[in-house]
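Following this note's numbering, the numbering of the sequence shown begins with 441 at its first residue and continues without gaps. Some notes on the structure that comes next.
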Amino acid sequence: MTSPVVRVMPETGFREIVALLAEYDITGVPVVDDDGRPLGIVSEADLLLTLAAQEDQGSLMPPPGAARPGPDGSVTAADLMSGPVICITPSTSVVAAARLMGRHGVKRLPVLDVDGRVFGMVSRGDLLRVFLREDRVIRREIVEEVLGRVEGVSPALVGVEVDQGRVVLSGTVPEPHLVPIVLNLCRSVDGVVSVTDRLSADTFGGLGPEDDSPGGADGAGSGGSSGSGGGTEGPGGGTGERGADGRAGGARNGSARGSDAPAPVR
């Protein structure tokens, strides 16, 4: 937002408003009451209506409606202003502000303090300036603030590339439902133009499928915790101990999985 903001009172005259717009290079001013609370907005478009309403003998177009002068012939901010005023607070996101502008067809939004007084102004140009944020700043915010806020997600396992505001995410997250959460949070970062999803969910919690399959280091072969290949009378004919020592029994049977061959006749 721009602050402090140029404001006018309801009785401020037409020419004074024009002078303020020219002096501060702005396109509109809020009209406030004695307590600084908003009553309306006077924009260049409102001022141009008065100019367009002037007599023009060479024009075939009818004059538009314009503010009617007061008894003394003056035109004031109260005559020119548009309302009701769409306002925001300092905590309003730039996305929400942009949506308000689009929904209500306005070009600027007064920013109110906790007492409802105007102390800033946000224009369309102010909102667009967020897209001028440097890529490295955007990346740092995503890595340090966004990814760190999602429980279970390790920033070290997620690759973040930013080019001209376009974000590419790669790497892994622990659960599939976390992918849309991460994407939406990244899209909400100021200056992000788009987010490309190349994330995958590591449903094995860091272990590959082969690490948890039968016959692995802790598989259900002869060396499993139940000692299926090395029981007291295991299928391999061994005499290995059951349970924790089943793996050793399986080894004496000549195979990590145990053998299904008939035991030799003694």
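From the three backbone atoms N, C-alpha and C, an ideal C-beta is built for every residue, glycine too.
Using three-state DSSP, classify residue i as helix, strand or coil.
{"i": "glycine 545", "result": "coil"}
{"i": "aspartate 519", "result": "helix"}
{"i": "glycine 605", "result": "coil"}
{"i": "glycine 648", "result": "Low local confidence applies: a pLDDT of 44 at glycine 648 is under 50, so the model's placement there is unreliable, with the coordinate-based value given in what follows. Glycine 648 falls in the coil class under three-state DSSP."}
{"i": "valine 458", "result": "helix"}
{"i": "proline 412", "result": "Only positions 441 to 706 of the chain appear in this structure, which leaves residue 412 out of reach."}
{"i": "proline 620", "result": "helix"}
{"i": "glycine 631", "result": "coil"}
{"i": "glycine 476", "result": "coil"}
{"i": "threonine 636", "result": "strand"}
{"i": "valine 600", "result": "strand"}
{"i": "threonine 532", "result": "coil"}
{"i": "valine 525", "result": "coil"}
According to DSSP, which residues form a beta bridge with residue i?
{"i": "alanine 641", "result": "Val613"}
{"i": "leucine 625", "result": "Leucine 625 is not bridged to any residue."}
{"i": "valine 590", "result": "None, per the DSSP bridge assignment."}
{"i": "leucine 552", "result": "Val558"}
{"i": "valine 471", "result": "Val448, Gly480"}
{"i": "glycine 453", "result": "Thr516"}
{"i": "threonine 442", "result": "Met561"}
Residue i: which of the options sits nearest, CA to CA?
{"i": "threonine 516", "options": "Val472, Ser531, Pro530, Leu549", "result": "Val472"}
{"i": "aspartate 475", "options": "Asn624, Phe454, Arg447, Ser522", "result": "Arg447"}
{"i": "glycine 565", "options": "Val554, Lys547, Glu581", "result": "Lys547"}
{"i": "cysteine 527", "options": "Thr490, Pro478, Leu489", "result": "Pro478"}
{"i": "serine 594", "options": "Ala518, Ile578, Asp486, Leu618", "result": "Leu618"}
{"i": "arginine 579", "options": "Ser563, Arg539, Ser628", "result": "Ser628"}
{"i": "methionine 441", "options": "Thr490, Leu540, Ala459, Thr532", "result": "Thr532"}
{"i": "valine 583", "options": "Ser563, Cys626, Met541", "result": "Cys626"}
Enumerate in chain order the residues of its own chain whose CB-to-CB distance from residue i is below 8 Å, with the five nearest sequence positions on each side excluded.
{"i": "serine 443", "result": "Val551, Phe559, Gly560, Met561"}
{"i": "aspartate 575", "result": "Val602, Asp603, Gln604, Gly605"}
{"i": "glutamate 484", "result": "Leu461, Thr467, Gly468"}
{"i": "valine 622", "result": "Val586, Leu587, Val590, Val593, Val598, Leu609, Val613, Leu639"}
Should residue i go down as buried or exposed, given a rule of 16 or more other Cβ atoms within 10 Å for buried?
{"i": "proline 530", "result": "exposed"}
{"i": "glycine 556", "result": "exposed"}
{"i": "proline 524", "result": "exposed"}
{"i": "proline 620", "result": "exposed"}
{"i": "glutamate 585", "result": "exposed"}
{"i": "glutamate 581", "result": "buried"}
{"i": "alanine 537", "result": "buried"}
{"i": "leucine 572", "result": "exposed"}
{"i": "leucine 568", "result": "exposed"}
{"i": "threonine 636", "result": "exposed"}
{"i": "leucine 488", "result": "exposed"}
{"i": "valine 633", "result": "exposed"}
{"i": "valine 607", "result": "buried"}
{"i": "valine 482", "result": "buried"}
{"i": "valine 577", "result": "exposed"}
{"i": "glutamate 650", "result": "Confidence at glutamate 650 is low in this model, with a pLDDT of 43, below 50, so its placement is unreliable and no value can be given for it."}
In chain order, what residues of the same chain lie with their CB nearer than 7 Å to the CB of residue i, ignoring the 5 residues before and after it?
{"i": "leucine 597", "result": "Gly611, Thr612"}
{"i": "glycine 480", "result": "Val471, Met521, Ser522, Gly523, Val525"}
{"i": "valine 534", "result": "Leu567, Val570, Asp630"}
With a CB to CB cut of under 6 Å and the five nearest residues on each side skipped, what residues in its chain are close to residue i?
{"i": "asparagine 553", "result": "Note on identity: in this sequence residue 553 is aspartate, with asparagine being the wrong assignment. Closer than 6 Å at the Cβ level, and outside the excluded window around aspartate 553, lie Phe559."}
{"i": "tyrosine 464", "result": "Val446"}
{"i": "phenylalanine 454", "result": "Val515"}
{"i": "glycine 599", "result": "Ser610, Gly611"}
{"i": "alanine 518", "result": "Pro450"}
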